[in-house]
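Everything below concerns the one structure shown next.
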Amino acid sequence: MSAPEYIVRNVLWHNQAMDLLVDQGTIQGLVPVEQGKEITPQSHAKDGHGVWLFPSLIDAHVHLREPGQEYKETIASGLHAALGGGFGQVMCMANTDPVNDRAQITEYILDTALRAYPHGPRIRPVGALTKGLAGKELAPMAELAAVGCVALSNDGMPVGDNDLFRRAMEYASDLGLKIIDHCEDPALSGHGVMNEGVVSGRLGLKGSPTVAESLQVARDILLSEYLHIPIHLAHISCKESVDLILFAKEKGIQVTAETCAHYLLWDETMLEGYNTLAKVHPPLRTREDVLALRHAVQQGVIDILVTDHAPHADFEKETTLDEAPNGISGLDTALSLYASLVEKKVITQDDIVTRCALRPAEIFHLPVNTFTPGDRADFVLFDPKIRWEVTPSSLLSKGKNTPCMGMNLQGKVSAHYLEGKLVYSTDTK
Amino acid sequence: MQWNHKDLLTISQLNREEIGYIFKIADRFDEVNMRPVKKVPVLKGKSVVLFFAEASTRTKTSFDIAGKRLSADTFSLTKTGSSLQKGETLKDTALTLQAMRPDAIVLRHWSSGAADFLAKRLHCSVINAGDGRHAHPSQALLDGFTLRSVWGEDFTGKTVLILGDIAHSRVARSDVQLLTMLGAKVRMCAPRTLLPCGMRTWPVTVYEHLATACKGVDAIICLRLQLERQKAGLLPDLREYAMTYGLDFSHLQQASPDVKIMHPGPINRGVEISSALADASNSLVLNQVASGVAVRMAILYLHMTRETAEER
């Protein structure tokens, strides 16, 4: 074995200090430090003492707002936030304006991303399931697949018509594309602005009940079983959904599921004082739901963690809860929040690797760095010692709408490498 | 007593002593309202904006009269014809109003939390005249003031039934807070589709049947049934509602002999309350309206003179 181009020494991987050997944009090896210290790199060695090593992560659920709502986020600003957040691949949802329901829009998204960040992060578009997300007619799925959509979803506009949804599953399955379903019964959910419960009753706000979600989870599971077609369930927020997914998995039904950091950390009491930054859909639920979701992530009932990055302009959130849009900007803070869950012993560093890289790659057939020699050297150095304050200027996304605003978070990406090249570091920003 | 609140947003921000103080001031203005010349100069030179983004007749008129009787200049802004209809955000409308330097803004808005939102951003006093389903503190205060004129300061031992569409009612939410603070026990009665969620945490007892709910009560507050609830599928029709939850004389036989009947208005006669009962001698509906002016005078006075608030 020839000497690697460079070495990152002493990084933490599976709780062990390791040396990462990188050569010509690929992984040459990830070896114990005793073995690594014998090796002299051609170019340089970087000290990674106390720093966590991750493969470049995958976020399977983001909204990048371009085309159409560039005042909230652009593909470039979203990808910048992804880079700084440790994400090397992001799957962007189709609810742009115009909707990503045809090849031109998908191509526009891919081209714009490539122009902004030629070396990545890579964008993986999710095509619309129905034309215009209207839930009436199937979108041209073959056309979307041909130009690079990696999945299909009606995210944000749940499909109420069960027969149409069944046909969509069948048609998509022929193309090998997975459907990501935003599980929500639109009628039951009504115009709810937060979880239906004690807090909504007291604040006098229209609530969205958990059964609006779990009913659609049940529908999707039953359709998946009946049709023998896999399905992926988006942003699971409540205990009842977790119970159903566990039931389905035990029966061998091909269902996978995701949740977000906000559902693992916060509950409906965040809405007290009419805090629009905590307005998100599905809404933050109760403490009991938070604990059920944590357990589900630990047990693998929930397969992956996503951000559901939903940037909005400040002025849109600066209004009443009825009028403020749903969504939390998540790319900048996700990994720090996951690390806080490691700190709370809810998950481990390994879980982050599995739930934010390996498993999403498996579900959506995406490439991923497993640190096997020959893998693309896409990796992240996360420094758990960096303490940072969430301020509008510390976020790279244009969306400053996060309940973390003003909080101090522990741990931050200190460097992000794609194809072995340093593409982001806290020094250069 | 020094008044330290910039805004009046909910009843829960007040303590019992402060509520008693509002009533005491309202007593004096009640007396002013009996005079042939119903005007005092205490708010001369001050201005009050009545910002009613949602339709209202009695609350708006009541605040308007209250302001004028205190010699304040009152200005009215409604949703129709205002910039809110032209897509201006609540924040921008509020900041625009503030730039005109009013001393108080009385806000009625369809969104729960709207008054809270404005109060956080404006220097002037914000008086919540009803926000969504959340709170209607001046209504609760006038209800309390009306009952106090019958029961005295302490409501201990009294039981009040709130009847009707509680889920959508800001009046019910504020009344529960005020009545329990004054020592009364509160019951609620409505079909489950018109009850708010999470009521198990409220300091109330819920009754399904009107007849049982009325047993031994000292006052009944009927709530207006919004006619659109039927369209929203919350009840079959008004006829059935009137039959099962409409209050009439037959229910009063079980109640305390001195039971008082109240309604925040406007009344749907023959729906939530029988027409005859609305006009009966134990009905306090018009006393509530009269109390409303005095209580709102007290509210405006206390909040708009708070740096110098002393007993006159």
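First to last, the sequence lines map onto chains A and B.
Our numbering numbers the first residue of the first sequence as 3 and each following residue consecutively.
Our numbering numbers the first residue of the second sequence as -12 and each following residue consecutively.
We put the CB at the ideal spot given by N, CA and C, even for glycine.
Because the structure is a prediction, the values reported are computed rather than measured.
Exercise for the section: With DSSP collapsed to three states, give me the class of residue 419 of chain A. Expected result: strand
Practice task
Take every Cβ of the region 276 to 288 of chain B, pair it with every Cβ of the region 234 to 241 of chain B, and state whether three or more of those distances are shorter than 8 Å.
Solution key: no
Handout entry: Three-state secondary structure (DSSP) of residue 188 of chain A
Key = helix
Practice task
Measure the alpha-carbon distance for residue 385 of chain A versus residue 314 of chain A and round it to whole angstroms.
Solution key: 28 Å
Handout entry: Residues sharing a beta bridge with residue 57 of chain A, DSSP
Key = A/381
Practice task
Please name the residue, chosen from A/231, A/77, A/213, that lies closest to residue 67 of chain A on a Cα-to-Cα basis.
Solution key: A/77
Handout entry: Classification of residue 242 of chain A by the beta-carbon crowding that lies within 10 angstroms, buried from 16 upward
Key = buried
Exercise for the section: Using alpha carbons as the reference points, say which of A/16, A/131, A/27 lies closest to residue 55 of chain A. Expected result: A/16
Problem - Rounded Cβ spacing between residue 501 of chain A and residue 173 of chain A (contact assumed at less than 8 Å) - result: Nothing can be reported for residue 501 of chain A: it is not among the residues displayed for chain A, which extend from 3 to 431.
Handout entry: Contact list for residue 317 of chain A against chain B, beta-carbon separation under 8 Å
Key = 76, 78
Practice task
Classify residue 91 of chain B as helix, strand or coil using the three-state DSSP reduction.
Solution key: strand
Exercise for the section: Decide if residue 178 of chain A is buried, meaning its Cβ has at least 16 other Cβ atoms within 10 Å, or exposed. Expected result: exposed
Practice task
Rounded to whole angstroms, what's the CA-CA distance from residue 38 of chain B to residue 119 of chain B? Just pull it up for me.
Solution key: 14 Å
Exercise for the section: Measuring only between beta-carbons, confirm whether residue 205 of chain A sits less than 7 Å from chain B. Expected result: yes
Exercise for the section: Could you tell me whether any Cβ in chain B is nearer than 7 Å to the Cβ of residue 150 of chain A? Expected result: no
Problem - Cβ shell of residue 298 of chain B (< 6 Å), same chain only, five flanking positions each side left out - result: Residue placement at residue 298 of chain B is flagged as unreliable, the pLDDT there being 41, under the threshold of 50; the coordinate-derived value follows with that caveat. So no residue of the chain qualifies.
Problem - Same chain, Cβ closer than 7 Å to residue 34 of chain B, neighbours up to 5 away in sequence not counted - result: 59, 60, 62, 89, 90
Practice task
Return yes when the Cβ of residue 43 of chain B is within less than 7 Å of the Cβ of residue 108 of chain B, no when it is not.
Solution key: no
Practice task
Determine whether the Cβ of residue 186 of chain A lies closer than 7 Å to any Cβ atom of chain B.
Solution key: no
Problem - Cut-off 8 Å between Cβ atoms - residues of its own chain near residue 442 of chain A, not counting five sequence neighbours on either side - result: This structure cannot settle anything about residue 442 of chain A, because the visible part of chain A is limited to 3 through 431.
Practice task
Hey, could you find the ends of the alpha helix (DSSP H) residue 226 of chain A is sitting in?
Solution key: 212 to 229
Problem - Per-residue burial, residue 291 of chain A [other beta carbons within 10 Å of its own, 16 or more giving buried] - result: buried
Exercise for the section: Report the rounded CA-to-CA distance for residue 12 of chain A versus residue 18 of chain A, giving the unit in angstroms. Expected result: 9 Å
Problem - Contacts of residue 103 of chain B in chain A (Cβ-Cβ under 9 Å) - result: 275, 276, 322
Handout entry: Rounded straight-line distance, which links the Cα of residue 222 of chain A to that of residue 153 of chain B
Key = 36 Å
Handout entry: Rounded separation between residue 100 of chain B and residue 231 of chain B - CA only
Key = 33 Å
Exercise for the section: Using only the heavy atoms of the ligand MN, determine whether one of them is closer than 6 Å to the beta carbon of residue 26 of chain A. Expected result: With respect to the ligand MN, the structure offers nothing, as it holds no ligand at all.
Exercise for the section: Give the C-beta separation of residue 474 of chain A and residue 63 of chain A to the nearest angstrom, bearing in mind that I take them to be a contact with Cβ-Cβ under 8 Å. Expected result: The shown model of chain A, from 3 to 431, leaves out residue 474 of chain A, and the question about it has no answer.
Handout entry: Counted within 10 angstroms of its Cβ, other Cβ atoms place residue 337 of chain A as buried (16 or more) or exposed
Key = buried
Handout entry: Alpha carbon of residue 194 of chain B to alpha carbon of residue 208 of chain A, nearest angstrom
Key = 23 Å
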